[in-house]
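A.B. asks: Residue numbers (the numbering used here): 89 to 287.
First, the structure itself, so that you have it in front of you.
This is the structure we're talking about:
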């Protein structure tokens with residue numbers, strides 16, 4: 089009788105084990121610090137990943153940022169922080185200009201002597217300009233970082249809030265902000281481009 093009881097318990101354990109192995113969660117748990125997206129946004133973001141996948145395919149540790157890549161990502165975040173500080177009036181745009189190689193930078197199409205006055209005028213006409221990341225910045229090539237984003241500001245005329253999303257399925261639109269840094273960590277080009285545009 090004791091032997092039969094042991095067999096019964098082992099059978100129950102085997103059934104539970106098989107049930108556990110068969111269970112497949114419909115949604116993987118979120119990793120801390122990673123933004124989640126709805127299904128319609130995931131398809132939109134696939135094109136952004138193409139450049140990164142092609143670039144990472146040549147790296148030894150796929151999926152893990154190297155120290156130089158981490159520095160580029162930190163620089164991208166600092167660039168956004170400096171823009172936001174200027175947009176909300178906490179600081180001037182000097183933080184942005186200090187990050188640029190002013191003699192050669194292409195800042196949203198502004199070059200040379202037009203960089204400072206042109207960018208300053210843009211902020212003056214977009215009160216409270218603020219940028220939010222839709223996805224963590226990704227290194228997609230040597231010295232190149234890009235990310236989808238949302239920008240908000242108050243219209244100069246009515247004062248109501250305006251919102252622009254770089255990825256918006258309703259438009260449809262699939263764009264990213266792309267930053268190009270030189271070997272000294274200075275910005276040489278900042279532009280908003282199609283997510284799948286050539287580097």
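Don't be surprised by glycine CBs; every beta carbon is placed ideally from N, CA and C.
Since the model is a prediction, treat every value here as computed from it, not as a measurement.
Please list the terminal residues of the continuous alpha helix (DSSP H) segment that includes residue 164.
C.D. replies: Element bounds for residue 164: 155-175.
A.B. asks: When you compare only the Cα positions, how much space is there between residue 267 and residue 188?
C.D. replies: The straight-line gap from Cα to Cα measures roughly 11 Å.
A.B. asks: Name the two residues that bound the continuous alpha helix (DSSP H) containing residue 212.
C.D. replies: Where residue 212 is concerned, the enclosing alpha helix (DSSP H) stretches over 203-213.
A.B. asks: Where does residue 284 fall in DSSP's three states?
C.D. replies: Coil, per DSSP.
A.B. asks: CA-CA distance, residue 176 and residue 216?
C.D. replies: In a straight line, the C-alpha of residue 176 is about 5 Å away from that of residue 216.
A.B. asks: Which residue comes first and which comes last in the beta strand (DSSP E) that contains residue 183?
C.D. replies: First-last for residue 183: 182-186, but that is the alpha helix (DSSP H), not the beta strand (DSSP E).
A.B. asks: Below 8 Å, how does it come out for the segment 177-186 and the segment 252-259: are there three or more Cβ pairs, yes or no?
C.D. replies: In short, these stretches do not touch, since the Cβ pair count stays below three.
A.B. asks: Which stretch, first to last residue, makes up the beta strand (DSSP E) that contains residue 268?
C.D. replies: Element bounds for residue 268: 261-269.
A.B. asks: Measuring only the C-alpha atoms, how far is residue 244 from residue 214?
C.D. replies: Near 7 Å, if we compare the C-alpha coordinates of residue 214 and residue 244.
A.B. asks: Let me confirm a value: residue 282 is counted as buried when at least 16 other C-beta atoms fall within 10 Å, else exposed. Which label applies?
C.D. replies: That one is exposed.
A.B. asks: Determine whether the beta carbon atoms of residue 237 and residue 220 lie at a separation below 8 Å.
C.D. replies: Closer than 8 Å, so yes.
A.B. asks: Measure the C-alpha to C-alpha separation of residue 114 and residue 259 and round it to an integer number of angstroms.
C.D. replies: Below a pLDDT of 50, predicted positions are generally treated as unreliable, and residue 114, at 37, falls in that range; no measurement from the model is reported.
A.B. asks: Assuming the contact rule is C-beta atoms closer than 8 Å, residue 161 and residue 153 should be a hit. Round their C-beta distance to whole Å, please.
C.D. replies: Yes, they are in contact, since the Cβ atoms of residue 161 and residue 153 sit about 7 Å apart, within 8 Å.
A.B. asks: To the nearest angstrom, how far is it from the Cα of residue 286 to the Cα of residue 207?
C.D. replies: One C-alpha to the other measures close to 25 Å.
A.B. asks: For the beta strand (DSSP E) holding residue 179, just list the boundary residues, first then last.
C.D. replies: Where residue 179 is concerned, there is no enclosing beta strand (DSSP E), given that its DSSP letter is neither H nor E.
A.B. asks: Does DSSP put residue 200 in a helix, in a strand, or in coil?
C.D. replies: Helix at residue 200.
A.B. asks: If we ignore side chains and look at the alpha-carbon of each, how far apart do residue 121 and residue 284 end up?
C.D. replies: Note that residue 121 scores a pLDDT of 34, beneath 50, so its modelled location is shaky and nothing firm can be said.
A.B. asks: Helix, strand or coil for residue 273, going by three-state DSSP, please let me know.
C.D. replies: Of the three classes helix, strand and coil, the one that applies to residue 273 here is coil, per DSSP.
A.B. asks: If you count every other CB in all the chains shown that lies within 10 Å of the CB of residue 62, and 16 or more means buried, which is it?
C.D. replies: Because residue 62 is not part of the residues shown, which for the chain are 89 to 287, the question remains open.
A.B. asks: Please classify residue 205: is it buried, with 16 or more other beta-carbons within 10 angstroms of its beta-carbon, or exposed?
C.D. replies: By the neighbour-count rule (16 or more Cβ atoms within 10 Å), residue 205 is not buried but exposed.
A.B. asks: From 211, 264, 193 and 218, pick the residue whose C-alpha is nearest to that of residue 275; which is it?
C.D. replies: The shortest C-alpha separation from residue 275 is found at 193.
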